[in-house]
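Chemist: If you want my numbering, it's the position in the sequence shown, counting the first as 1, plus 5.
One structure, as structure tokens, below. Some questions next.
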Amino acid sequence: MRTAILSVFLLALLNGKVPARPVLLDSVFLDGTLSVTDAPNLFPIPVGTTFDDNDTTRLFDLFRSRYETAAAASCGFIFTLETYPPDPHARLRIRICEGPFVNTLRFEGISLIQPESISVLLFHRPGGPFNPDSLPGDILRLTAYYQAQGYSAQIEAESEGARQKNLLFRVVETLSAQRYHIQGNRAFSENEIQALLRGDDTGLNRLKQAYWEAGYFSAGFEITQGEAGIFQLKIDEGGQARFKALHLDGPSRVPTDTLLYYAEFRVNAPFSMTRLKTMMDAMLQCYAERGFPFAEIHPHPFTCSPDMDVTLTLQENGRYLFGQLIPDDLTVTRKESMRRLSGFREGALFKESELQRMEDQLFRSGLFESVQPLWVSLREGRRILDVHTTVVEGPANSAEGILGYASKKEEHGGFSGFFSLSMNNLYGTCRKLKLDYLKEKPVTEGKVAYQEPWLLNTRIQGDLSLAFRIEEPAYSLWEAEARITLPFGEDERVRYFMGASRSSHAFPSDKDSLAVSEQITSTHAGVSADFRDFPDNPRRGFYADVPVYYCYKEGGGGAWNEIKLEPSGEKYIYLTGRHILFLGGLWRTLWSADDTLSRAELFSLGGSRTLRGYREGQFTGRSVLSGRMEYRFITGVRSRVILFLDAGGVSDDPFFRDFHFPEKLLFGYGSGLTLSSRTGQIGVEIGFGRGDRLADGKIHLLLRNRF
Numbered sequence: 006m007r008t009a010i011l012s013v014f015l016l017a018l019l020n021g022k023v024p025a026r027p028v029l030l031d032s033v034f035l036d037g038t039l040s041v042t043d044a045p046n047l048f049p050i051p052v053g054t055t056f057d058d059n060d061t062t063r064l065f066d067l068f069r070s071r072y073e074t075a076a077a078a079s080c081g082f083i084f085t086l087e088t089y090p091p092d093p094h095a096r097l098r099i100r101i102c103e104g105p106f107v108n109t110l111r112f113e114g115i116s117l118i119q120p121e122s123i124s125v126l127l128f129h130r131p132g133g134p135f136n137p138d139s140l141p142g143d144i145l146r147l148t149a150y151y152q153a154q155g156y157s158a159q160i161e162a163e164s165e166g167a168r169q170k171n172l173l174f175r176v177v178e179t180l181s182a183q184r185y186h187i188q189g190n191r192a193f194s195e196n197e198i199q200a201l202l203r204g205d206d207t208g209l210n211r212l213k214q215a216y217w218e219a220g221y222f223s224a225g226f227e228i229t230q231g232e233a234g235i236f237q238l239k240i241d242e243g244g245q246a247r248f249k250a251l252h253l254d255g256p257s258r259v260p261t262d263t264l265l266y267y268a269e270f271r272v273n274a275p276f277s278m279t280r281l282k283t284m285m286d287a288m289l290q291c292y293a294e295r296g297f298p299f300a301e302i303h304p305h306p307f308t309c310s311p312d313m314d315v316t317l318t319l320q321e322n323g324r325y326l327f328g329q330l331i332p333d334d335l336t337v338t339r340k341e342s343m344r345r346l347s348g349f350r351e352g353a354l355f356k357e358s359e360l361q362r363m364e365d366q367l368f369r370s371g372l373f374e375s376v377q378p379l380w381v382s383l384r385e386g387r388r389i390l391d392v393h394t395t396v397v398e399g400p401a402n403s404a405e406g407i408l409g410y411a412s413k414k415e416e417h418g419g420f421s422g423f424f425s426l427s428m429n430n431l432y433g434t435c436r437k438l439k440l441d442y443l444k445e446k447p448v449t450e451g452k453v454a455y456q457e458p459w460l461l462n463t464r465i466q467g468d469l470s471l472a473f474r475i476e477e478p479a480y481s482l483w484e485a486e487a488r489i490t491l492p493f494g495e496d497e498r499v500r501y502f503m504g505a506s507r508s509s510h511a512f513p514s515d516k517d518s519l520a521v522s523e524q525i526t527s528t529h530a531g532v533s534a535d536f537r538d539f540p541d542n543p544r545r546g547f548y549a550d551v552p553v554y555y556c557y558k559e560g561g562g563g564a565w566n567e568i569k570l571e572p573s574g575e576k577y578i579y580l581t582g583r584h585i586l587f588l589g590g591l592w593r594t595l596w597s598a599d600d601t602l603s604r605a606e607l608f609s610l611g612g613s614r615t616l617r618g619y620r621e622g623q624f625t626g627r628s629v630l631s632g633r634m635e636y637r638f639i640t641g642v643r644s645r646v647i648l649f650l651d652a653g654g655v656s657d658d659p660f661f662r663d664f665h666f667p668e669k670l671l672f673g674y675g676s677g678l679t680l681s682s683r684t685g686q687i688g689v690e691i692g693f694g695r696g697d698r699l700a701d702g703k704i705h706l707l708l709r710n711r712f
């Protein structure tokens with residue numbers, strides 16, 4: 006997308022180590038003439054499973070053992086793991102050879118170069134097929150490589166074994182390149198200089214070019230011959246040039262100050278061609294974010310001096326707009342729904358960062374198992390770029406059931422149940438319908454919620470819900486709520502919301518047998534932010550929700566104004582590999598002039614959503630505060646093993662000034678396991694409250710089917 010033309014060639018050296026990371030297996034391809042028909046099913050983990058990339062050797066060895074057992078013969082295997090974004094995904098290619106194959110590959114007599122650098126040149130590789138006619142070609146390639154490095158070598162190949170070939174290359178090396186003892190170097194390490202000098206007679210010219218590109222224009226070099234054929238190289242680097250000024254030439258609709266800001270240009274900063282190219286790339290990125298994806302920058306010829314005065318010619322090459330979003334392989338989701346889901350706007354000014362934002366938003370929606378990187382095509386004869394994407398749709402709906410059990414020694418012990426049905430892509434329109442039902446003595450509650458993602462073809466989201474909660478014999482409550490949500494600017498992850506609700510609850514009177522009924526009308530507003538990388542099983546990011554309610558209550562012989570505050574948040578910290586730390590918390594409080602609040606208005610604490618190890622809603626109060634901490638070991642896209650510790654408390658004071666710590670502190674702990682399969686998810690969780698024995702644990706069994 007960005008083009009920069011430089012007058013010189015740039016050299017770069019990158020050294021680094023890639024840390025372990027979780028990889029999602031997208032597909033497995035098998036190559037070769039196979040006698041085992043069900044070979045794809047022998048790989049240890051199914052497609053769609055996440056594994057640690059440092060664990061690939063063990064997985065390959067396990068597949069090799071299973072295949073050779075099924076084939077009743079030793080075979081050759083070549084494994085190739087290809088990774089690509091997002092987060093990352095991987096394709097596995099396995100080449101299987103059931104004929105003569107290379108069992109081992111060794112080199113003898115090598116000291117001047119690394120065996121790893123030449124083994125990739127060979128036709129023969131461990132696990133691959135053996136062909137005696139290809140040995141001369143391997144020898145020619147090895148000889149040519151030695152010559153390119155400034156050496157000469159005599160090479161012979163030997164093989165032994167009938168079917169499992171042990172291949173040996175015998176090498177007699179001859180040192181034909183000059184070796185140097187280096188003094189006075191600071192800009193480059195000795196290994197870098199030796200690499201530049203190695204090869205042929207132009208090595209010194211390559212070294213001079215490298216110093217010139219690094220801004221050492223006055224560097225001097227003195228070579229003298231020492232003992233045993235080793236040369237002495239003395240380098241006088243001199244001073245590195247500095248930027249004096251940077252001029253931009255040519256018409257530009259982007260202000261000069263903006264381009265220099267993106268380039269991070271500083272007067273008297275060290276000059277190098279690498280630094281100049283970095284600045285040019287930053288300017289091109291600035292153009293690409295303003296509708297000029299094909300802009301070019303050409304440096305003028307300049308005079309080398311300690312104070313560099315550089316001029317760059319700008320060429321915008323036209324301003325471009327977004328055309329259409331063209332998705333491939335859609336079967337359920339409508340194209341218009343996908344366009345809205347990605348936030349794509351036809352006719353908007355092209356921004357290169359929008360491609361990554363749309364890709365991330367599609368993946369985070371949870372409707373697609375994978376989203377390929379977006380790419381653009383130029384519409385013929387017009388300054389319009391159409392965006393293409395390929396997605397793999399996954400099941401969008403789920404049915405979830407949780408069966409709980411608490412010791413019958415406790416009050417209201419025994420079995421409990423929760424059922425939830427979520428339909429997240431009704432008729433391919435991204436509309437959502439959710440049904441929840443909970444039964445845990447003495448509480449029964451249910452909720453029906455509907456979500457309209459784009460009201461009146463706008464970016465406003467609408468939600469309607471009806472809910473009830475009955476706690477016998479304390480109270481019964483019915484509530485209806487409506488809410489609208491709108492995104493903050495272009496970023497769909499931060500949203501404002503506002504809404505209204507009407508609830509009615511009844512509870513027994515202390516004076517007579519008649520029930521007291523109260524009605525509450527409330528309005529609320531707030532903000533939510535969702536920066537989780539994948540909401541179903543996050544590894545990084547955070548989620549926050551801060552609603553504020555103003556309520557007017559009437560009934561029971563009076564009327565009162567009330568205010569409720571219910572902030573909550575989640576934080577996911579990536580540790581290493583598949584290890585994640587989760588932190589969550591919530592605070593709920595109610596300010597009311599009514600001193601005799603019914604249990605229906607109080608906040609509840611306890612259960613899987615607030616404080617594990619206790620029954621659902623076991624504790625109530627005007628204010629609730631709880632925190633959750635989990636260690637998570639990610640075993641798949643939607644699978645994990647957890648260890649958790651929850652803590653919290655209830656109080657009649659919003660700021661818990663009457664809370665006696667640690668006497669009133671409630672805490673729960675336990676562990677859980679969630680496994681994914683082709684038919685859905687199975688999970689089990691056990692939690693213990695403060696003072697619980699092993700027999701007092703609360704057990705929850707989860708069954709979730711995605712369809």
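Even for Gly, the Cβ is constructed at its ideal location relative to N, Cα and C.
1. Judging by CA-CA distance, which residue of W483, G53, L97, D43 is the nearest neighbour of T74?
2. Tell me the residue span of the beta strand (DSSP E) that contains A353.
3. Kindly indicate which residue of I118, F547, P572, F174 has the alpha-carbon position closest to the one of R203.
4. Does the Cβ of G422 have 16 or more other Cβ atoms within 10 Å, making it buried, or fewer, making it exposed?
5. Whole beta strand (DSSP E) runs in the region 347-404 with 3 or more residues, listed along the chain?
6. Measure the CB-CB distance between Q83 and G37 and report whether it falls below 7 Å.
7. Could you tell me which uninterrupted beta strand (DSSP E) segments, each at least 3 residues in length, are contained entirely in the region 158-222, listed from first to last along the chain?
8. Looking at the structure shown, is Q152 part of a helix, part of a strand, or coil, going by DSSP?
9. So, using beta-carbon positions, are L438 and M428 closer together than 7 Å?
10. State the Cα-Cα distance for the pair I578 and V337, rounded to the nearest angstrom.
11. For S12, count neighbouring Cβ atoms within 10 angstroms of its own Cβ and tell me buried if that reaches 16, exposed if not.
12. What do you reckon, are the CB atoms on A404 and L440 nearer than 7 Å?
13. From G612 to E476, what does the alpha carbon distance come to, in whole angstroms?
14. What are the boundary residues of the beta strand (DSSP E) that R633 is part of?
15. Enumerate, from N- to C-terminal direction, the unbroken beta strand (DSSP E) stretches of 3 or more residues contained entirely within the region 413-474.
16. For L678, which residues of its own chain have a beta-carbon under 7 Å away from its beta-carbon, when the five flanking residues on both sides are left out?
17. With three or more C-beta pairs closer than 8 Å as the rule, is the region 663-673 touching the region 690-705?
18. Would DSSP call Q290 helix, strand or coil?
19. Which residues in the same chain as P458 place their Cβ atom closer than 6 Å to its Cβ, once the five residues preceding and following it in sequence are excluded?
20. When we look at the beta-carbon of N430 and count the other beta-carbons within 10 Å, is it buried (16 or more) or exposed?
21. My parser needs the beta strand (DSSP E) runs of 3 or more residues fully inside the region 493-552; what are they?
22. Is the beta carbon of G81 closer than 7 Å to that of F106?
23. So the alpha helix (DSSP H) R713 belongs to, where does it begin and stop?
24. At which residues does the alpha helix (DSSP H) containing T261 begin and terminate?
25. Round the Cβ separation of L4 and V392 to the nearest angstrom and send it over; I've been treating them as touching at under 8 Å.
26. For P304, report the span of its beta strand (DSSP E) as first-last.
27. Among D333, G328, E301, P51, whose alpha-carbon lies nearest the alpha-carbon of N318?
28. Here's a check: name, in chain order, each residue in its chain whose Cβ is nearer than 7 Å to the Cβ of T61, leaving out the five neighbours to either side.
29. Using the C-alpha atoms, what's the distance from F327 back to N607?
30. Any idea which residues DSSP pairs N566 with across the strands?
31. Under a three-way DSSP split, which group does D651 fall into?
32. Out of T55, I50, A76, Y72, point me to the one whose CA is closest to L718's CA.
33. What whole-angstrom Cβ distance do F226 and L209 have, given they're in contact under 8 Å?
34. Expressed to the nearest angstrom, what Euclidean distance is found between the alpha-carbon atoms of E341 and E635?
35. So K558 and E567 are in contact, right, with Cβ under 8 Å, and what is the actual spacing, rounded?
Modeler: Result, derived from the coordinates:
1. D43
2. Where A353 is concerned, there is no enclosing beta strand (DSSP E), given that its DSSP letter is neither H nor E.
3. I118
4. exposed
5. 373-376, 380-383, 389-398
6. The sequence given here places Ile at residue 83; Gln does not occur at that position. Their beta carbons are not under 7 Å apart, which means I83 does not touch G37 by this criterion.
7. 169-180, 184-188
8. helix
9. yes
10. 34 Å
11. Only weak support exists for where S12 lies, its pLDDT of 30 falling under 50; the value from the coordinates is given anyway. Under this definition S12 is an exposed residue.
12. no
13. 15 Å
14. 628-641
15. 419-431, 436-445, 448-457
16. V646, G688, V689
17. yes
18. helix
19. C435, Q466
20. buried
21. 496-513, 520-535
22. yes
23. It is not possible to answer for residue 713, since the shown part of the chain is limited to 6 through 712.
24. 261-268
25. Absent from the structure is residue 4, since the part of the chain shown begins at 6 and ends at 712.
26. 301-304
27. Per the sequence presented here, residue 318 reads as Thr, with Asn not at that position. Checking every option, the nearest Cα to that of T318 belongs to E301.
28. L86
29. The sequence shown places Leu at residue 607, rather than the Asn named in the question. Each residue's alpha carbon lies about 52 Å from the other.
30. Y557
31. strand
32. Lying outside 6 to 712, the shown extent of the chain, residue 718 is not represented and no answer is given.
33. 7 Å
34. 39 Å
35. 6 Å
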